[in-house]
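For reference, the structure is listed below as structure tokens.
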Amino acid sequence: GMMLTPTGPSVLEFNCRFGDPETQVVLPLLETDLYEVFIACCDGNLGDVDVRFKEDTCAATVVCAASGYPEKYPKGMEITGMD
């Protein structure tokens, strides 16, 4: 995640797990072959890859999480009110 500050953008965290809800909705918008992106990253050549995302589209996700998540939170709670 990033935050804009008076001195410019600031990185708050890096999320790179494919199970993250953010990844699950954004990754399908990637038009560039993900393998090509990974190989370029490993080789230090990402600047040579034309990384493209679908234009004129957006992505959104909703997460239901227990109170207190991601720190200490109760486990096994039933999710209700989704009717």
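Numbering follows the working numbering, with no gaps: position 37 of the sequence shown is 27.
Glycine included, C-beta positions come from ideal geometry on N, C-alpha and C.
- Rounded to whole angstroms, F8 and Q14 show a C-alpha spacing of 7 Å.
- Taking the CA atoms as reference points, I69 sits about 25 Å from V16.
- Between D40 and E12, the alpha-carbon positions lie close to 22 Å from each other.
- V27 is positioned such that its CB atom lies no closer than 9 Å to that of L19.
- Here G(-2) carries a strand assignment [DSSP, helix/strand/coil].
- Just so you know, the alpha carbons of D10 and A56 end up roughly 16 Å apart.
- When the five nearest sequence neighbours on each side are left out, the beta carbons in the same chain lying within less than 8 Å of the beta carbon of M(-8) are those of P(-1), S0, V1, L2, in order along the chain.
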